[in-house]
Each structure stands twice: as C-alpha cells, then as structure tokens.
Amino acid sequence: MTALFPETGAFLPHHHFWTEEAFAQERERVFGRCWLYMGVFDASGALSAEMAGLRFAVRRDADGRLSGERHDGARVRPLEVDRCGALVFARVAPEGADSHLAPTLAEHLHPYAERLAAMSVNCVNPEPPVGIPFQANWKALVENTMDDFHGSTVHPDTIHPAVHPDWQTHLATERHGANSDSRWVLADGTAGWWAKLDAKLRLAKFADEPFYRHIFIFPNFYLASFYGAVVIPHRVDPVAPDSSVLRWQLFLPTTRLDSPRERAFHRSTAAYLVTSAIGVIDEDRPVCEAVQQGRPAILGNGVYGRRERRILDFHAAMLAQLAGAAA
C-alpha cells in the first residue's frame, strides 16, 4: 500500500465537520449552487428534497416540461432542472455576467453521464424510498462510501463475503476529479445467487456485469448497482453540522411479471434486498457517529492509502467549491 501524506491546505480543516459557520458556508456555496440529485419521477410528476435547510421542489407538467424552485425561508429562487436518463437533477438557476460559465448537467456528471443514463433505464419497479438518520456530518457519510478498506472490518459478514476474496486485485476504480466509478467483482457464490435469481425473475439488465458498481457524483450522490440489474440511487442530505440523512431507493427491474407467483416472488425478493441494505447501513452508522464524536479531539492530519485517494479528491473539490465568491 502506498501511503499519501497530504500537505496542509489539501484537505478540509477539521472544523468543517462540526461548526455552524462551516455548515452555513456549505449551504450557500455547495448546496446553493451545485447540481443536486432530486430523485426519479413517479406518476405524480413531483419531487421534493431538503438539504442544509434549503427546500427544493421540482415538477414535470403534462407536456414533459421541467421546472422548480428553491425555498430559503421567505426567499424563493427558480431552479434549473435537467435529467440524465431517469435521474432528475436541479440547481439554482445561475445569475449574473458569468452565468454562462456554470457547468451543464452533462459537464457536471463528466465522464459518467452516458453510463448513468444507461443504468437509469433500470429505475423501474420501485420500492418505497428509505431515509436513515445519522448523528454525523454529511461528509463523514461521503467519506465512508469511499473507504475501500472498511468492508472487511465493518462488514465482515455482509459485504466482505459477497465480493471476490482477493478484492484489492479485483477492485477497479476510475477517478475523474471528484467523480468516480468503482467496480467490485462478486464472489463466485454471490454471482451464482444472482444468476439463480435472474433465472427466476428474468431480470432486466442494463449490462452483463458480474460485479457491484458504485458511481459517485459530487457533492452527495451515488448510484449503486448489482449484477447489471438492481440499481439503488443514494443521496446524503445535510441536516445540521452533526447530523444527516442517507436517502435511497431500490429498483428491482424484471422483463416480465405476469403471474401472481412471479409478482409475489418479486415482492419478497425486493423486501429481502431492502432489509439487507438496511442491515449494511446499520453497520456503517455507529462507525460514522463514533468518528463524528471524536473529530474535535483530532490533532494531526490523516495518512491516506492508495485506495483512499477518492477521499482527497472529494476534499479538493469541496475546497474549490467553497472558494467561490459569495452570492
């Protein structure tokens, strides 16, 4: 393992994980400006979200036109709304002389816009959205998703046995700024389980890929997939400097659900997958919360391994975003 000793100024100061001042700055310059994932439209054609005290409302009219607004107390700002396949994103509409310099959604998602759109084809057969609260800063949850080493220690009986035993050799990670794509080859037993499930459910696949995929998009969105079929969009919502909510929704797509038996099996399988995902998150939560409790006592800087460079990429992107001029 190659150790990385980042220089001072290459990562966020520790106080950014617990002070009101830092939270307010992120509220304005990150969540008040960046493209943010809103969700996947259902029949209502409406989506809402709240991040860092900002309320977002997005809608699709009968002609397919997208619109929305952000509420910040009594102040209302129009939203620019766009889609990447079935995935809906929004940001406060840029204003001023430099508004033309603001990145388009495709530029913000680069280089994963096409890949995300292809995966989002499987955003069908939705399960109800889930929200799991954490007593930890939202960035702790983001860092947790990027820590490749915690699988064997935090998830020894859940995630770790599901991937190839020699995971460091069989884990492929692409890094493009703060955006990244990781692919974990599934263990033979896990791949066999999915193959049997595929035979019974006739899964709809966006690709033939026997692995777990995890695409992260700055600042707080990631899309997970299993076996090229199941997709689970996630969003980390800041609530306060020391609290956040992890929101996600599981989609189990199939090519046919004709008989009552098929529909019953689909329901039971989806329920099992949701319960399993909650179990994994329940293993992450106490670790994130313990780290949050200990942060004020940190005196030095972290040492990062080769597999943890995405965390430094995230810090670099946060520093660049926070350096923007005040609105």
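Using our numbering, the letters of the sequence shown map in sequence onto residues 16 to 342. Glycine included, C-beta positions come from ideal geometry on N, C-alpha and C.
The Cβ-Cβ distance between residue 257 and residue 33 falls below 8 Å.
A check of alpha carbon separations from residue 325 across 298, 187, 280 and 80 identifies 187 as the nearest. For residue 249, no alpha helix (DSSP H) encloses it; the enclosing beta strand (DSSP E) starts and ends at 245 to 255. Its chain contains 264 as the residues whose beta carbon lies nearer than 8 Å to that of residue 143, once the 5 sequence neighbours on both sides are disregarded; these appear in chain order. Put simply, the backbone Cα of residue 209 is about 29 Å away from that of residue 126.
Counting every other CB atom within 10 Å of its CB across the protein chains shown gives residue 195 a total of 16 or more, marking it as buried.
Per DSSP, residue 229 is one residue of the beta strand (DSSP E) stretching across 226 to 232. Looking at the DSSP output, residue 194 shares a beta bridge with 191. Residue environment for residue 293: exposed (fewer than 16 other C-beta atoms within 10 angstroms of its C-beta). For the 8 Å CB-CB criterion, residue 82 and residue 96 form a contact. Residue 269 sits in a strand when the DSSP states are folded into three classes. Using a Cβ-Cβ distance cut-off of 8 Å, the stretch 132 to 139 and the stretch 275 to 294 are not in contact, since fewer than three pairs of beta carbons, one from each stretch, lie closer than that value. By the Cβ-count criterion, residue 160 is buried, with 16 or more other Cβ atoms from all chains shown falling within 10 Å of its own Cβ.
When rounded, the separation of the alpha-carbon atoms in residue 101 and residue 55 is 6 Å. At a Cβ-Cβ threshold of 8 Å, residue 304 and residue 170 do not count as neighbours. Setting aside the 5 residues that flank it on each side, residue 91 is surrounded in the same chain by 84, each with a C-beta closer than 6 Å to its C-beta; the list follows chain order. Taking every protein chain shown into account, the CB of residue 30 has fewer than 16 other CB atoms within 10 angstroms, so this residue is exposed. Around the beta carbon of residue 259, 16 or more other beta carbons sit within 10 angstroms, so the residue counts as buried. For residue 102, the enclosing beta strand (DSSP E) stretches over residues 102 to 107.
Annotation: residue 228 to residue 108 spans about 32 Å, alpha carbon to alpha carbon.
A direct Cα-Cα distance of roughly 11 Å separates residue 269 from residue 214. Approximately 5 Å separates the beta-carbon atoms of residue 121 and residue 128; this is inside 8 Å, confirming the contact. For residue 310, no beta strand (DSSP E) run applies, since DSSP gives it neither H nor E.
The alpha-carbon of residue 198 is positioned some 27 Å away from that of residue 335.
Nearest to residue 61 by alpha-carbon distance, out of 177, 105, 180 and 301, is 105. Residue 158 sits buried, since 16 or more C-beta atoms from the chains shown fall within 10 Å of its C-beta.
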